[in-house]
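Student: Right, I'll just put the structure down here and ask away after.
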Amino acid sequence: MISFPIAKIEPHGGGRIGVCALPGRSGGLQADLKAVVDWGPVMVVSMTEIGEMQASGSQDLGEHLRGHGIDWVHLPIRDFGGPDGSSRDAWPKLAARLHACLDGGEGVLLHCRAGQGRAGMIATRLLVERGEEPKTALTRLRLVRAGAVETNEQFAWAASAWEGET
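What follows is the structure in structure tokens.
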């Protein structure tokens, strides 16, 4: 049994995207951090709000990750929501960084509290931005991470990057 599961999906164009819950959410921050480090991402993006991180004892997650040479980005998005305000404004620059990692064949890890809604939304958005049709991207993601993308708002934002024909 895997103590800290990380779902993996391979996007078009290379690299790998991991989706997981908040490290430390179940009380074992050090064990979860080991699983993250062993998975080998070059960047971790946290969509949890600071209060969620504090409640799980994970408020120093970024510091721990950086100590292992892993870039950490905090993109707080409210639970069950989509990007708004500063998170929406930050997305283009962050997306460029994530795509550069993927283009280089690297792994990026996305998490929210449960590893479904917000993390799934960002994973789906990356797949769509890399040329995958939105419904196909979501279906493929849900094969490795059941429950990914929890609301219509989340899917609408992820799908809004689609430039192909529907």
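Numbering of the sequence shown is given in the working numbering, commencing with residue 483 and proceeding in unit increments. Ideal Cβ positions, reconstructed from N, Cα and C, are used throughout, including at glycine. Computed from a predicted structure; not experimentally measured.
According to DSSP, is C594 part of a helix, a strand, or is it coil?
Tutor: Translated into positions along the sequence shown, residue 594 becomes position 112. Residue state, collapsed to three classes: coil.
Student: Determine the direct distance from the alpha carbon of A513 to that of Q636, and round the result to whole angstroms.
Tutor: Taking the first residue of the sequence shown as 1, we reach residue 636 at position 154. Taking the first residue of the sequence shown as 1, we reach residue 513 at position 31. Whole-angstrom Cα-Cα distance: 30 Å.
Student: Contact check, I491 vs A517 under 8 Å by CB: the rounded distance?
Tutor: Here residue 491 is taken as the residue at index 9 of the sequence shown, counted from 1. Here residue 517 is taken as the residue at index 35 of the sequence shown, counted from 1. That pair is no contact at about 17 Å.
Student: Could you check how far apart the C-beta atoms of V590 and A643 are, in whole angstroms? I think they sit under 8 Å.
Tutor: Stepping through the sequence shown from its first residue, residue 590 is reached at position 108. Stepping through the sequence shown from its first residue, residue 643 is reached at position 161. Not really, about 16 Å apart at Cβ, beyond 8 Å.
Student: For the alpha helix (DSSP H) that H581 lies in, which residues bound it at each end?
Tutor: Residue 581 sits at position 99 when you count from the first residue of the sequence shown. H581 -> alpha helix (DSSP H) spans 567 to 585.
Student: Return the CA-CA distance between R624 and K617, expressed in angstroms with no decimal places.
Tutor: Taking the first residue of the sequence shown as 1, we reach residue 624 at position 142. Taking the first residue of the sequence shown as 1, we reach residue 617 at position 135. For R624 and K617, the distance between alpha carbons rounds to 10 Å.
Student: DSSP state of A619, grouped into three classes?
Tutor: Sequence index remark: in the sequence shown, residue 619 carries index 137 (1-based). The answer is helix: DSSP assigns A619 an H, G or I state.
Student: Hey, L592 and I604 are a contact pair by Cβ (cut 8 Å); roughly how many whole angstroms apart?
Tutor: Position 110 of the sequence shown holds residue 592. Position 122 of the sequence shown holds residue 604. About 5 Å separates the two Cβ atoms, so the contact holds.
Student: Would you tell me roughly how many angstroms separate the C-alpha atoms of P523 and I552, rounded to the nearest one?
Tutor: The residue given as residue 523 occupies position 41 in the sequence shown. The residue given as residue 552 occupies position 70 in the sequence shown. Computed Cα separation, rounded: 7 Å.
Student: Any contact of the region 521 to 535 with the region 552 to 568, i.e. 3+ C-beta pairs under 8 Å?
Tutor: They touch, by the three-pair rule.
Student: Give me the DSSP bridge partner(s) of R498.
Tutor: Numbered from its first residue, the sequence shown carries residue 498 at position 16. Note: R498 sits in a beta bridge opposite G589.
Student: Report back the beta-carbon spacing between D585 and G500 to the nearest angstrom; my notes put them in contact at under 8 Å.
Tutor: Counting from one through the sequence shown, the residue named residue 585 turns up at place 103. Counting from one through the sequence shown, the residue named residue 500 turns up at place 18. Not a contact, Cβ separation roughly 17 Å.
Student: If we ignore side chains and look at the alpha-carbon of each, how far apart do R548 and L515 end up?
Tutor: Start at 1 with the first residue of the sequence shown, and residue 548 comes out as number 66. Start at 1 with the first residue of the sequence shown, and residue 515 comes out as number 33. In a straight line, the C-alpha of R548 is about 11 Å away from that of L515.
Student: Who are W554's beta bridge partners in DSSP?
Tutor: Counted from its first residue, the sequence shown places residue 554 at position 72. In the DSSP output, where bridge partners are listed per residue, W554 has V526.
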